[in-house]
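J.: Quick one: the structure is below, questions incoming.
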Amino acid sequence: MPLDAPLFAAVAAEINTLLPVKVDRVNQTRSDEFSLSCYGMGHSFKLLFSLNSRYARLHLFDSKTETLPKPSPFGLSLRKHFSGAKLIKVAPIPFERIIRLTFEVYEELVGINEKNIYLELTGKSSNLIITDQQGIIIDLWRKSGGPRSERELAIDLQYEFPSTQGRWQPVTLNRSDFINLAAQVPPEVTPAKFLLKHWYGLSKLMADEISKEAGLKPDLPLSQYNEKDYATLHDSFSKMADSMTNGKFEPCSLNNTEGKPIDCSALPIRHPEMGLTVKPVHSLNKAVAEIFGNRQTNEAFQELKNNLLKKVGVVLEKTRIKLGKQEKEADQADRGEEWRIMGELLTSYGSHIQKGSKIARLTNHYDPNNSEMEIPLNPALSVWENAQQYFKKYQKAKKSQLAIAAQITKTKESLDYLESIEAMILSSINPADLKLIQEEWDLATNKPVKRNSFPKKKEAPAEPRQFKTPAGHILLVGRNNLQNDRLTFKIADPTDWWLHTQKIPGSHVILRPNPGTAVDDETLNFACQLAVYFSKARESTKVPVDYTQRKYVKKPPAAKPGFVIYDNFKTAIITPDRILLEALGLVLH
C-alpha cells in the first residue's frame, strides 16, 4: 500500500486545516523515522516522517512512541533547524509522491526566514531534504550523485525534483493521444500496467480501480480491447485526475473479512477485490497511521521473533548435540559389566591360553545359555595382565556411569527449559511478550544488564495475559517462564485451577472461578483451549492438557524457571477450536 498521489494530496489537505502551528519538539523515533510535536490554534498534534523502504509515509499521529536516546547527525540537524519554527504550509507536488513543508524560522542577524523540508516518498530511494528559501540544500538524509545518477543531491546544491522516467502527469495527454498510446503497447500489457508505466503518482489499487470503472479487467491484456474501450479508460482516468486536482476526495478504507482496515484511498473504490469491503473514513491521516502502523509493528514484531528464535535455536542445537554425545558416552559406560565378565573369565579359565594370543574364546558361564564369548587380547601382555586391564576399564566405566547419568539429567533439564523458551516465543502475540522473553533469555545466558548512571524507579512486574470466560471466570496466562512461576506461586490461590499441556512446553494457565461457583465443562474447555494455544502444540490436534488445583503444584528446589511437579490431576484431550480462539483475537495458521 504505497501512498499514491491522491492519497498524499488528501493527507496534506487535512494537515493544512490545522496550520499554522509551532514546532515544539523534533524527535527521531527510528533510524529512518522522525516526528514533529506541534501546537497552535487551540490544539496540538504530532507529525510523522517515515523513510522506511516499505512503509515510507507522512501523517498525523497521536500514539505514544519511543524516541532514540541518541539521534543521528541528521536527526540533530532537523532539531537544530526546526525546533521552535512555525509550520505554515504543507504542499504536495501535483501527481507526485513528493511534498514540501514550509516553515518560518527566526535566525539571528537575519530575522524571520523560510526553510523547506522536501519529503520524497519513493520506496527504497525515499529521502528528506532541508532547503533554504531559494531551494539550496542545507542538509539531507540520503545523499546521491555520480556518473550514473540522474540528479545530484548534496549540501549547497540546488534542489531538483527526481526524473519522471518518461512518464506523464494524468492531465498532460488528451483522449486522442491516449488512444494512440494504448494501441501501441506490447500485446501482453494489461490496462493497470499501462497506466502505471506511463503515468506517475498512481498506485496499483488506483490503477485497478480506474480500469474496473471503465469496464475493463485490470489483468486482461489491453490488446483484447478496442479504441472505444481505450476512450472509456481515458475518461475514467481523467475523472480521477479531476477529482484530485479539485480536491474532491472521498476517503475510504478497505477492510478484510475480520473488519480490519488493510488499505485506504483518497478517492472512492467501487470495485474492491473479493473479500474486501469499503468503509468511509473521517480522517485519512488516522487511517494511514493505523494501517501503516499495524503493518510496520507486525513486521518489526515478526523480525524480533525470528531473531530471538534464531538465538535460542543455536543454543538448542548445541544442547541436542551435547546430549547425543553424552548418551554415546553412557552407552560406552554401559559396557562396564561386559568388561568385568571378560576379566572374570580370563582370571578363572585363561590358564590354557598362550601368551601372544590376540583372541580368547571362552564359555560365558554368566550367560544362562552358556554362549561363547570372544575376548580381544593384547598379545604383548599376559592373560592375567589382560584381565587386569579389563577390570580397570570396568572400574573407570562404573565411575563415569554415575557422572554421565548426572550430566545427562542436567542436559535434559536444560533442553526442556530451552524448548519451553522456544514455545513461549512461538506463542507470543505482541512485542510486550517478546520483551519479557528476551529479559528471561538475557538472565538465562548471563548477558550483562545495561545500567544507567541514574537508577530508574523500580518497575512493577509485568502482568500475565488475562481473559474472561463466557461465565465470567478469570483466566490468567504466563508470558514467560519467570512469570509462570510468579503466576502459579505468587498470584494464584491454592483453590484456583492450574492447567498445562502434558509433557509439552507451554504457558502456565490459571483458572480463577467466581466466588461460590463451580467450574463447568464449558469453562474447563475454554481454559484448556488457552493452554493448548499458548504451547508448542498450538497447531496440533488431540492435545493432552493436565489440570489440577494449584495447591497440588510444587516447585522442586533449584529447578529452572517454569518447571513444576504436580499430582491429583485429570487430563482432557483438546483439539483447538478456531472459532473460539478467533473470538479472543487469537489466530491459528
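This note's numbering numbers the first residue of the sequence shown as -16 and each following residue consecutively. Backbone N, C-alpha and C define an ideal beta-carbon position, used for all residues, glycine too. Remember, predicted model here, so these are calculated numbers, not experimental data.
Could you tell me how far apart the beta carbons of LEU306 and TRP424 are, in whole angstroms, since I believe they sit closer than 8 Å?
T.: In the sequence shown, counting from the first residue as 1, residue 306 sits at position 323. In the sequence shown, counting from the first residue as 1, residue 424 sits at position 441. LEU306 to TRP424, Cβ: 20 Å. No contact.
J.: Work out the CA separation of ASP479 and VAL460 for me, nearest whole Å.
T.: Within the sequence shown, residue 460 is the residue found at index 477, counting from 1. Within the sequence shown, residue 479 is the residue found at index 496, counting from 1. Going by the C-alpha atoms only, they are around 13 Å apart.
J.: Report, in whole angstroms, the separation of the C-beta atoms of LEU237 and LEU216, which I expect to be a contact under 8 Å.
T.: Within the sequence shown, residue 237 is the residue found at index 254, counting from 1. Within the sequence shown, residue 216 is the residue found at index 233, counting from 1. About 22 Å; that fails the 8 Å criterion.
J.: From LEU156, SER127, PHE161 and ARG158, pick the residue whose C-alpha is nearest to that of PRO145; which is it?
T.: The count along the sequence shown starts at 1 and reaches residue 145 at position 162. Taking only the C-alpha atoms, the option nearest PRO145 is SER127.
J.: Report yes if the C-beta distance between ILE112 and TYR142 is below 7 Å; otherwise report no.
T.: On the sequence shown, residue 112 is found 129 positions in, with the first residue counted as 1. On the sequence shown, residue 142 is found 159 positions in, with the first residue counted as 1. Yes; because the gap between Cβ atoms is below 7 Å, this pair is in contact.
J.: So, does the segment 181 to 193 touch the segment 35 to 54, judging by three or more C-beta pairs under 8 Å?
T.: no
J.: Looking only at its chain, what residues have a beta carbon closer than 7 Å to the beta carbon of GLY118, apart from the 5 residues adjacent to it on each side?
T.: In the sequence shown, the residue the question calls residue 118 occupies position 135. So the list reads GLN141 and TYR142, once near-sequence residues are dropped.
J.: Name the two residues that bound the continuous beta strand (DSSP E) containing ARG8.
T.: Translated into positions along the sequence shown, residue 8 becomes position 25. Start and end: 4 to 13.
J.: Where does the unbroken beta strand (DSSP E) through LYS451 begin, and where does it stop?
T.: Counting from one through the sequence shown, the residue named residue 451 turns up at place 468. It spans 448 to 451 - the beta strand (DSSP E) in which LYS451 sits, taken as one unbroken run.
J.: On the DSSP bridge list, what partners appear for GLY94?
T.: On the sequence shown, residue 94 is found 111 positions in, with the first residue counted as 1. Beta-bridge pairing links GLY94 to GLU90.
J.: VAL73: buried (16+ other C-beta within 10 angstroms of its C-beta) or exposed?
T.: As a working mapping, residue 73 is identified with position 90 in the sequence shown. Under this definition VAL73 is a buried residue.
J.: Going along the chain, which residues of its own chain have a beta-carbon closer than 6 Å to the beta-carbon of THR48, five neighbours each way excluded?
T.: As a first step, residue 48 must be located in the sequence shown, where it is residue number 65. Cβ neighbours of THR48 within its own chain (closer than 6 Å, five residues either side excluded): THR12.
J.: Could you tell me whether the segment 52 to 67 touches the segment 278 to 287, where touching means 3 or more Cβ pairs closer than 8 Å?
T.: no
J.: On a Cα-Cα basis, can you pick out the residue from GLN485, PHE472 and ASP503 that is closest to ILE493?
T.: Stepping through the sequence shown from its first residue, residue 493 is reached at position 510. Of GLN485, PHE472 and ASP503, the smallest CA-CA separation from ILE493 is found for PHE472.
J.: What's the gap between the Cα of LYS379 and the Cα of ASP476?
T.: The residue labelled residue 379 in the question sits at position 396 within the sequence shown. The residue labelled residue 476 in the question sits at position 493 within the sequence shown. One C-alpha to the other measures close to 51 Å.
J.: Could you check what DSSP says for LEU102 in three-state terms: helix, strand or coil?
T.: As a working mapping, residue 102 is identified with position 119 in the sequence shown. If DSSP states are grouped into helix, strand and coil, LEU102 belongs with the strands.
J.: With DSSP as the reference, label PHE232 as helix, strand or coil.
T.: One-based indexing of the sequence shown puts residue 232 at position 249. Three-state DSSP puts PHE232 in coil, outside helix and strand.
J.: Output yes or no for whether 7 Å exceeds the beta carbon distance between LEU188 and LEU179.
T.: In the sequence shown, the residue the question calls residue 188 occupies position 205. In the sequence shown, the residue the question calls residue 179 occupies position 196. In this structure, LEU179 does not lie closer than 7 Å to LEU188 by Cβ.
J.: Ordered along the chain, which non-local residues of its own chain (more than five positions away) have a Cβ less than 7 Å from that of TRP151?
T.: To locate residue 151, count along the sequence shown from 1; it is residue 168. Within the same chain, TRP151 has close Cβ partners HIS181 and TRP182.
J.: Along the beta strand (DSSP E) that carries ALA343, what are the first and last residues, could you check?
T.: Mapped onto the sequence shown, residue 343 falls at position 360. Note, ALA343: beta strand (DSSP E), 342 to 346.
J.: Where does ALA386 land, buried or exposed, given buried means 16+ other C-beta within 10 angstroms?
T.: Numbered from its first residue, the sequence shown carries residue 386 at position 403. Result: exposed.
J.: Just list the beta strand (DSSP E) runs in the segment 341 to 392, keeping only unbroken ones of 3 residues or longer that don't cross its boundaries, in chain order.
T.: 342 to 346 and 355 to 359
J.: Taking the alpha-carbon positions, what's the GLU90 to SER60 distance?
T.: Walking along the sequence shown from the start, residue 90 turns up at place 107. Walking along the sequence shown from the start, residue 60 turns up at place 77. Distance between the alpha carbons of GLU90 and SER60: 15 Å.
J.: Locate the beta strand (DSSP E) running through ASN110, then write down its first and last residues.
T.: As a working note, residue 110 is residue 127 in the sequence shown. Residues 110 to 115.
J.: Could you tell me whether the segment 73 to 85 touches the segment 98 to 111, where touching means 3 or more Cβ pairs closer than 8 Å?
T.: yes
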